[in-house]
Amino acid sequence: MLATAIIVFREVLEAALIVGIVMAASRGIRGRSAWVVGGIVGGGLGAVVVAAFAGTIAGAAAGMGQEVFNAAVLFAAVGMLGWHNIWMTRHGREMAGAATRLGAAVRAGREPLWALSFAVGLAVLREGSEIVLFLYGIAAAEDGGAGAMALGGAFGLAAGVAAGAGMYFGLVSIPLRHLFAVTSWLVLLLAAGMASQAAAFLLQADLLPALGDTLWDTSFLLNEKSIVGRVLHTLVGYTAQPAGIQLVFYLATLLVIGSLMWLVNRGAPTALQLIAYLATLAVMAILARIASPPRPARVAA
Amino acid sequence: MMRSLALAAVFVVAAFGSVQAADPAPVSITIKDRQFVPAEVTVPAGAKVELQIRNEQTTAAEFESHQMRREKVIPPGGTVSLFIGPLNPGRYEFFDDFNPKNRGVVVVK
Numbered sequence: 340m341l342a343t344a345i346i347v348f349r350e351v352l353e354a355a356l357i358v359g360i361v362m363a364a365s366r367g368i369r370g371r372s373a374w375v376v377g378g379i380v381g382g383g384l385g386a387v388v389v390a391a392f393a394g395t396i397a398g399a400a401a402g403m404g405q406e407v408f409n410a411a412v413l414f415a416a417v418g419m420l421g422w423h424n425i426w427m428t429r430h431g432r433e434m435a436g437a438a439t440r441l442g443a444a445v446r447a448g449r450e451p452l453w454a455l456s457f458a459v460g461l462a463v464l465r466e467g468s469e470i471v472l473f474l475y476g477i478a479a480a481e482d483g484g485a486g487a488m489a490l491g492g493a494f495g496l497a498a499g500v501a502a503g504a505g506m507y508f509g510l511v512s513i514p515l516r517h518l519f520a521v522t523s524w525l526v527l528l529l530a531a532g533m534a535s536q537a538a539a540f541l542l543q544a545d546l547l548p549a550l551g552d553t554l555w556d557t558s559f560l561l562n563e564k565s566i567v568g569r570v571l572h573t574l575v576g577y578t579a580q581p582a583g584i585q586l587v588f589y590l591a592t593l594l595v596i597g598s599l600m601w602l603v604n605r606g607a608p609t610a611l612q613l614i615a616y617l618a619t620l621a622v623m624a625i626l627a628r629i630a631s632p633p634r635p636a637r638v639a640a
Numbered sequence: 002m003m004r005s006l007a008l009a010a011v012f013v014v015a016a017f018g019s020v021q022a023a024d025p026a027p028v029s030i031t032i033k034d035r036q037f038v039p040a041e042v043t044v045p046a047g048a049k050v051e052l053q054i055r056n057e058q059t060t061a062a063e064f065e066s067h068q069m070r071r072e073k074v075i076p077p078g079g080t081v082s083l084f085i086g087p088l089n090p091g092r093y094e095f096f097d098d099f100n101p102k103n104r105g106v107v108v109v110k
């Protein structure tokens, strides 16, 4: 039962943290709860369908369907989160301003909330399908029994939801005039982490080059098996032993969403800013090149 | 905006320029009675290797490795392939995420 609770908790945690951030990021927007709950329910139903067709999905794309599917879901979520952030850049300040002057009730719900709803749904879909497969396995196995499984699953779910609620209440305790700046950063890092995860899936399917299998190893500092490691993996894409291609996708996502936010906010960039931007891209390309051959001299512990 | 997108596209194409060398034969692992058989496989360093994992159980399994950053669900009775490496010499642990007591290791030499 405990093993079931722990595994369900781990899967729920990731989706719950994302929901917590999304709820905070959409604070005060009319009807956001309905959109978010809709995303959770839709994602949950989708998870059952995905689990039911796990064999079909795994067999697609020459045996790499699972990777392609996971990467596609992650990239779609990156797009939705990016869209939200770009929208928020334009409207967040006025929303916070209106709220501090006149109270939260004044703010009108103009945000295209389908983007956040989708992002939530996709997170629930991915994690949920693994829970369904796992629980189905336990239910089908001879040991344990359905009662212990249901109890363990319920405990795991409750603990995960509690963590997501903790994230939400922690965030909304931030004064409103700072809240959207904080959630924008969180959503940006969340999206970058998802892009890095998607790159790892495509690497596993051999659809992308590694560009250096292990750029660095910080597992002695913070192991991804630990709870802190897992939370940071979800929130900012922490990876103890990242591949070069993951770093490339991570930075590219930061740059693309970040610069679009900046363009929307400030208008066209000046020549100097454009040069700085180009230079950053060039440095990344060079880094990727350097990292690309495996370095046999280094021994992984 | 268009310029940013174009730059991103150019960069992605540049990054994809380097493609890895040809691979050695696939390595097979079977999951049977909640154990990886064999629980230790040896692969050459600096090469991309295909792992073929067959799940002979009646329940789903998930091959996962933090060190190699791999995770893949294997339906009951199914066989999946995934690619690892090119890796540096060392020991890389993996486990069944749906049954974490079931562990194994890839030894890279």
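First to last, the sequence lines map onto chains A and B.
Position in the first sequence counted from 1, then plus 339, gives you this note's numbering.
Position in the second sequence counted from 1, then plus 1, gives you this note's numbering.
Built from N, CA and C at the ideal position, the CB exists for glycine as well.
These numbers come from a predicted model, not from an experiment.
field: Under 9 angstroms (Cβ pairs) to chain A, residues found in the stretch 87-110 of chain B
entry: Of all residues in the stretch 87-110 of chain B, P87, L88, N89, P90, G91, R92, Y93, D98, F99, N100, P101, K102, V109 have a Cβ within less than 9 angstroms of some Cβ in chain A.
- prompt: By DSSP, does A621 of chain A sit in helix, in strand, or in coil?
  reply: Reduced to three states, the DSSP call for A621 of chain A is helix.
message: Here's a check: name, in chain order, each residue in its chain whose Cβ is nearer than 6 angstroms to the Cβ of R104 of chain B, leaving out the five neighbours to either side.
response: These residues qualify, in order along the chain: F96.
task: Look up E63 of chain B in the DSSP assignment and say whether it is helix, strand or coil.
output: Three-state DSSP puts E63 of chain B in a strand.
- prompt: So, helix, strand or coil for S523 of chain A, using DSSP?
  reply: In the structure shown, the three-state DSSP call for S523 of chain A is helix.
message: If contacts are defined as beta-carbon pairs under 8 angstroms, then V511 of chain A and A363 of chain A qualify, I think. What distance do you get, rounded to the angstrom?
response: Contact between V511 of chain A and A363 of chain A holds, with the beta-carbon distance rounding to 5 angstroms and staying under 8 angstroms.
Option in A:I346, A:A390, A:G398, A:I566 with minimal Cα separation from V544 of chain A: According to the sequence displayed, residue 544 of chain A carries Ala and not Val. Of the listed residues, the one whose Cα sits closest to A544 of chain A is A:G398.
- prompt: Tell me, which residues are paired with E41 of chain B by DSSP?
  reply: Its beta-bridge partners are B:V106.
- prompt: Exposed or buried, which one is R70 of chain B when buried takes at least 16 other CB atoms within 10 Å?
  reply: Its Cβ being crowded by 16 or more others within 10 Å, R70 of chain B is buried.
- request: Give the residues from the stretch 405-421 of chain A that approach chain B closer than 7 angstroms (Cβ to any Cβ), ordered along the chain.
  value: Cβ proximity to chain B below 7 angstroms picks out Q405 from the stretch 405-421 of chain A.
query: So what does S29 of chain B bridge to, in DSSP terms?
result: Paired residue(s): B:Q53.
field: Limits of the unbroken alpha helix (DSSP H) element including T343 of chain A
entry: Unbroken alpha helix (DSSP H) run through T343 of chain A: 341-364.
- prompt: Does the beta-carbon distance from F494 of chain A to A344 of chain A come in below 8 angstroms?
  reply: With respect to the 8 angstroms criterion, F494 of chain A and A344 of chain A are classified as neighbours on the basis of their beta carbons.
task: For E466 of chain A, decide whether its Cβ has a neighbour in chain B, counting only Cβ atoms nearer than 8 angstroms.
output: No, its Cβ sits nowhere closer than 8 angstroms to a Cβ of chain B.
- request: List the residues that DSSP assigns as beta-bridge partners of T80 of chain B.
  value: Bridge partners of T80 of chain B: B:R55.
message: Short of 7 angstroms Cβ to Cβ, which residues in the stretch 24-42 of chain B face chain A?
response: Correct list: empty, as no residue qualifies.
Closest Cα partner of T553 of chain A within the set B:K110, B:H67, B:E72, B:T59: Taking only the C-alpha atoms, the option nearest T553 of chain A is B:H67.
query: Going by the CB atoms, is the gap between K73 of chain B and Q405 of chain A shorter than 8 angstroms?
result: Result yes, Cβ atoms of Q405 of chain A and K73 of chain B sit closer than 8 angstroms.
- request: Can you say whether V445 of chain A is buried or exposed, counting buried as having 16 or more other CB atoms within 10 angstroms of its CB?
  value: Because V445 of chain A carries a pLDDT of 38, less than 50, the predicted location of this residue cannot be relied on, and the following value inherits that uncertainty. So V445 of chain A counts as exposed.
message: For S456 of chain A, which residues in the same chain have their Cβ closer than 6 angstroms to its Cβ, ignoring the five residues on either side in sequence?
response: Cβ within range, chain order: W374, G377, G378.
field: A472 of chain A: contacting residues in chain B (beta-carbon distance under 7 angstroms)
entry: The question names Ala, yet the displayed sequence has Leu at residue 472 of chain A. Within chain B, the residues A61, V74 have their CB atoms less than 7 angstroms from the CB of L472 of chain A, given in chain order.
- request: State the Cα-Cα distance for the pair N89 of chain B and A538 of chain A, rounded to the nearest angstrom.
  value: The straight-line gap separating the alpha-carbon atoms of N89 of chain B and A538 of chain A is approximately 20 angstroms.
task: Can you tell me which of the three DSSP states I368 of chain A falls into?
output: Under the three-state reduction of DSSP output, I368 of chain A falls in the coil class, being neither helix nor strand.
C-alpha distance - L546 of chain A paired with R369 of chain A, whole-angstrom precision: CA-to-CA, the gap between L546 of chain A and R369 of chain A works out to about 42 angstroms.
message: Is there a C-beta anywhere in chain A that falls below 8 angstroms from the one on R70 of chain B?
response: At least one CB atom of chain A sits nearer than 8 angstroms to the CB of R70 of chain B.
message: Just list the residues that DSSP pairs V74 of chain B with in beta bridges.
response: Per DSSP, B:E63.
message: When you compare the CB positions of E51 of chain B and F99 of chain B, do they come within less than 8 angstroms of one another, or not?
response: Not a contact, by the Cβ cut-off of 8 angstroms.
query: Would you call K49 of chain B buried or exposed, if buried means 16 or more other Cβ atoms sit within 10 Å of its Cβ?
result: Buried.
query: In the DSSP assignment, what residue or residues form a beta bridge with D552 of chain A?
result: Listed as beta-bridge partners of D552 of chain A by DSSP are no residues whatsoever.
- prompt: Among the residues of its own chain, which have a CB less than 8 angstroms from the CB of A478 of chain A, if the five just before and after it don't count?
  reply: If you ignore the 5 residues before and after A478 of chain A, its C-beta comes within less than 8 angstroms of the C-beta of A485, M488, all in its own chain and listed in chain order.
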